[in-house]
Amino acid sequence: MDKSFMLLLAVAILWCGCTDGEGNAGDLFKERAKRQIPKTVTVTTILEQPFAMKGESEALEGYAIDLLAELAQSMGFNYTLHVVKDGKYGAKDQEGNWNGMVGEIIRKEADLAVAPLTITVVRENAISFSTPFMQTGIGILLKKDATSGGSYLFGFLSPFSKELWIGIIVSYLITSLCLFLVGRLSPCEWTDPSNEQNKFTFLNSLWYGIGAFTLQGAEPQPKALSARIIAVIWWLFSITLLAAYIGSFASYINNNTNSAPNIQSFEDLLKQDKIEFGTLRNSSTFNFFKNSKNPTYRMIYEYMDKKKDQVLVKSFSEGVQRVRKSNYAYLGESISQDFVVAKHCDLVRVPEVIGGRGYGIAAELDSPLIRPLTIAILEQFESGNLEYLRQKWWENTCSAQTQGDWVPVQPHTLGGIFLILGIGLGLALIISIIELVCKSKSSANQEKKSCCSAFSDEMGHRFGKTPNQESLEKVQP
Ligand code: GLU
1 MDKSFMLLLA VAILWCGCTD GEGNAGDLFK ERAKRQIPKT VTVTTILEQP FAMKGESEAL
61 EGYAIDLLAE LAQSMGFNYT LHVVKDGKYG AKDQEGNWNG MVGEIIRKEA DLAVAPLTIT
121 VVRENAISFS TPFMQTGIGI LLKKDATSGG SYLFGFLSPF SKELWIGIIV SYLITSLCLF
181 LVGRLSPCEW TDPSNEQNKF TFLNSLWYGI GAFTLQGAEP QPKALSARII AVIWWLFSIT
241 LLAAYIGSFA SYINNNTNSA PNIQSFEDLL KQDKIEFGTL RNSSTFNFFK NSKNPTYRMI
301 YEYMDKKKDQ VLVKSFSEGV QRVRKSNYAY LGESISQDFV VAKHCDLVRV PEVIGGRGYG
361 IAAELDSPLI RPLTIAILEQ FESGNLEYLR QKWWENTCSA QTQGDWVPVQ PHTLGGIFLI
421 LGIGLGLALI ISIIELVCKS KSSANQEKKS CCSAFSDEMG HRFGKTPNQE SLEKVQP
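Numbering (my numbering), first residue to last: 1 to 477.
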């Protein structure tokens with residue numbers, strides 16, 4: 001009994017020692033992995049912006065170079081880095097030989113490929129990939145003015161949103177109505193109708209409002225304080241609207257001349273014949289269309305295959321140059337396209353992205369480096385370092401970028417001026433009523449009537465009976 005208890009105790013102590021928390025198990029794995037990692041690792045990469053680029057001192061810099069430095073530090077290896085000799089990612093020829101970075105890995109000319117190398121089935125059968133360090137898809141890169149974008153007959157209405165136009169029309173009608181009311185209520189504006197025709201009829205009020213919009217100061221000019229308040233507030237409202245309209249119209253015209261073509265999807269590309277489109281020769285993008293069963297993507301492949309000598313490019317930078325200089329759309333990985341769009345304001349990537357895929361670090365088939373690499377990448381991901389590198393290398397330096405984000409002026413942008421107009425109109429109506437009350441008081445004193453009946457008489461004059469009716473009533477016994 002004593003012996004078996006001692007044996008159990010020994011096993012328990014041993015077990016506890018081996019799995020002393022997660023940290024120890026992790027450290028053990030790291031130790032074991034470190035023993036399998038060669039001291040100096042040969043790394044191949046490809047010149048592709050912003051993953052690996054030649055800096056001022058001819059040294060390589062970029063996202064992939066920073067990532068490699070981080071991984072080397074966390075896994076504890078030294079490395080020698082070179083650019084892939086044939087400048088290719090890796091494709092299999094008819095004899096089954098691989099070129100590019102994949103070929104270098106297979107021929108053991110490099111231990112690792114740290115580059116935007118897409119994880120695909122055919123490659124996964126020949127080499128091993130770590131977990132993806134970046135996700136991407138296939139997008140369309142276009143020149144902003146590749147086709148005539150949205151020039152349309154009533155473009156002059158575009159600077160303001162529909163809601164704002166409705167708001168302006170309603171404000172204009174309400175202001176004209178208030179001017180008409182004030183013109184009647186205020187004793188300064190309303191001279192005795194039997195002697196002089198009142199000037200602010202409703203039609204005149206409408207005309208007055210239009211005059212302010214065209215900066216013409218239409219007649220009649222108001223005399224009463226209340227009517228002048230309306231005039232001033234309306235001028236202020238009109239000037240603010242004009243300034244907003246001119247500003248928005250200028251950027252609308254600017255934006256429209258640089259507008260994105262009417263291509264918003266891969267289907268749109270097929271529907272037109274003005275713009276040629278293509279991709280990188282023998283790339284994973286080309287193979288995606290080749291292997292796709294989707295009829296639209298199949299048609300894209302058939303088009304590219306038929307015109308392969310014309311539309312397939314040798315490198316991404318050649319594709320970008322073609323997009324900038326001719327009527328050409330480049331189909332390729334959206335992440336690289338986002339980079340050139342952030343640097344060149346004349347380029348745009350359409351919103352549709354298809355065929356999600358990832359970039360992984362490649363090593364020879366079943367390499368012991370893969371698992372430590374995957375763990376190191378996950379560590380970089382969880383620490384937020386991958387996100388930091390992404391922001392660092394994809395920084396937007398296209399100052400005119402905001403042009404593409406043009407939107408019509410919305411009512412809330414000019415909400416303040418609508419509020420001031422509302423307050424002004426309310427104030428003017430109150431003042432005109434006070435003016436009329438004062439006038440009613442003095443006429444009540446003169447005619448020895450009550451103030452209320454004098455006020456209702458005044459109102460009757462202004463809004464009730466016409467002068468002709470009144471004179472008729474006076475004549476009849
Ligand atoms: N990253 C791709 C590859 O590994 C090349 C670019 C592309 O397919 O657009 O082949």
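Here a beta-carbon is modelled for each residue, glycine too, at the ideal position from N, C-alpha and C.
Because the structure is a prediction, the values reported are computed rather than measured.
Using a 10 angstroms sphere on the CB of S283, the tally of other CB atoms reaches 16 or more, which defines it as buried. As a beta-bridge residue in DSSP terms, W98 pairs with K92. In this structure, F200 sits away from P187, with a CB-CB distance that is not shorter than 9 Å.
Rounded to whole angstroms, the separation of the alpha carbons of F339 and T397 is 10 Å. In its own chain, leaving out the 5 sequence neighbours on each side, no residue places its CB closer than 7 Å to the CB of R390. The beta carbon of F286 lies closer than 6 Å to those of T279 in the same chain, with the five residues before and after it left out. The region 91-102 and the region 341-355 do not touch, with fewer than 3 CB-CB distances between them shorter than 8 Å.
The beta carbon of F180 sits closer than 6 Å to the beta carbons of F200, F202 and S205 from its chain, once the five residues preceding and following it are set aside; these are given in chain order. Between L141 and L270, the C-beta gap is not smaller than 9 Å, which leaves the two residues out of contact. Here DSSP, grouped into helix, strand and coil, assigns I263 to coil. When the Cα atoms are used, G209 and D457 turn out to be separated by approximately 30 Å. Taking 8 Å as the cut-off, the C-beta of P116 counts as close to a heavy atom of the ligand GLU.
Using a Cβ-Cβ distance cut-off of 8 Å, the region 115-130 and the region 74-81 are not in contact, since fewer than three pairs of beta carbons, one from each stretch, lie closer than that value. The alpha helix (DSSP H) runs of length 4 or more contained entirely in the region 273-352 are, from start to end of the chain, 284-291, 295-306, 308-311, 316-325 and 334-343. Within a 10 Å sphere around the beta-carbon of Q380 sit 16 or more other beta-carbons, which makes this residue buried. M134 is bridged by DSSP to Y359. Between L386 and I375, the C-beta gap is not smaller than 9 Å, which leaves the two residues out of contact.
Residue environment: V41 is assigned as buried (16 or more neighbouring CB atoms within 10 Å of its CB, all protein chains considered). Closer than 8 Å to some heavy atom of the ligand GLU: that describes the Cβ of I138. Annotation: S128 to A363 spans about 5 Å, alpha carbon to alpha carbon.
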